[in-house]
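Residue numbers (the working numbering): 1 to 241.
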């Protein structure tokens, strides 16, 4: 899936020379936490977010460094912080080096960009022009659509079991040689053993995602590789048989 498939357009943006009061009102009215900032020609020049208004003189939250840090920082960074706390125009408080993508960027690359830079939104450009924005909310909506678009169920228990083991064989963490799956009328019973409790959870999630599976019963045991202690599943402890 690409950015063009999920991005929001048209974009609510603000010009760089607009007053910060307008930016704040827009964010509150539109219930968004950030705005792309553009020049009069519509070219992206930065992003302004709620975080840019956290350290403000008006609320008494401006950053006041201790004297020893003032000496280390020097006048430049202190002047920058002063502008951030007192600036009245968007251009004075915005983040200038905004991370961007184009419409053909894969969503996987967008997520990696968000995680790497700890950001919640990425402007979408066509050349220098702002044409959209992709946010975490856009990704959630794409996920909901994908969850509703369920793949066709496997036809019959044999096909379900074959699909389970194809999926397990494709995962490096899966202990395929030590587990088994019995399928009856779409209900899967897992048996065998794992050497890490996290494998148990992952196996159950994998099986639950196989089309046609109606329920999963966990009869697997966990063998601690250090002590050799065997621990049965919670389901088996609740319903011994």
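Ideal Cβ positions, reconstructed from N, Cα and C, are used throughout, including at glycine.
Small disclaimer: the values here were computed from a predicted structure and weren't measured.
- Around the Cβ of residue 182, a 10 Å sphere holds fewer than 16 other Cβ atoms; the residue is exposed.
- The Cβ-Cβ distance between residue 40 and residue 47 does not fall below 9 Å.
- Under the rule that a run must span 4 or more residues, the alpha helix (DSSP H) segments found entirely inside the stretch 53-114 read 67-73, 75-86, 90-93.
- Going by DSSP, residue 24 is part of no beta strand (DSSP E) but of the alpha helix (DSSP H) stretching over 20-30.
- The shortest CA-to-CA distance from residue 34 to any of 232, 155, 101, 53 is the one to 53.
- Here residue 172 is exposed: its Cβ has fewer than 16 other Cβ atoms, across all protein chains shown, within 10 Å.
- When only Cα atoms are considered, residue 216 and residue 16 end up about 56 Å apart.
- Judged by their CB atoms, residue 90 and residue 18 are nearer to each other than the 9 Å cut-off.
- Per DSSP, reduced to three states, the secondary structure at residue 41 is coil, with no helix or strand assignment.
- Judged by DSSP secondary structure, residue 204 falls outside any beta strand (DSSP E) and instead within the alpha helix (DSSP H) spanning 197-208.
- A contact is defined here as three or more CB-CB pairs under 8 Å, and the stretch 208-228 meets this definition with respect to the stretch 183-198.
- Exclusion of the five residues before and after residue 81 leaves 63 as the residues of its chain whose Cβ lies within less than 7 Å of its Cβ.
- In the assembly as shown, residue 134 is a buried residue. Its beta-carbon has 16 or more other beta-carbons within 10 Å.
- For residue 218, the secondary structure class from DSSP, reduced to helix, strand or coil, is strand.
- Under the criterion of beta carbons closer than 8 Å, residue 44 and residue 128 qualify as touching, at roughly 7 Å.
- Only buried fits residue 199, as 16 or more other CB atoms lie within 10 angstroms of its CB.
- Ranked by Cα distance from residue 218, the options 226, 205, 210 are led by 205.
- Cα atoms of residue 151 and residue 116: separation of roughly 32 Å, rounded to the nearest angstrom.
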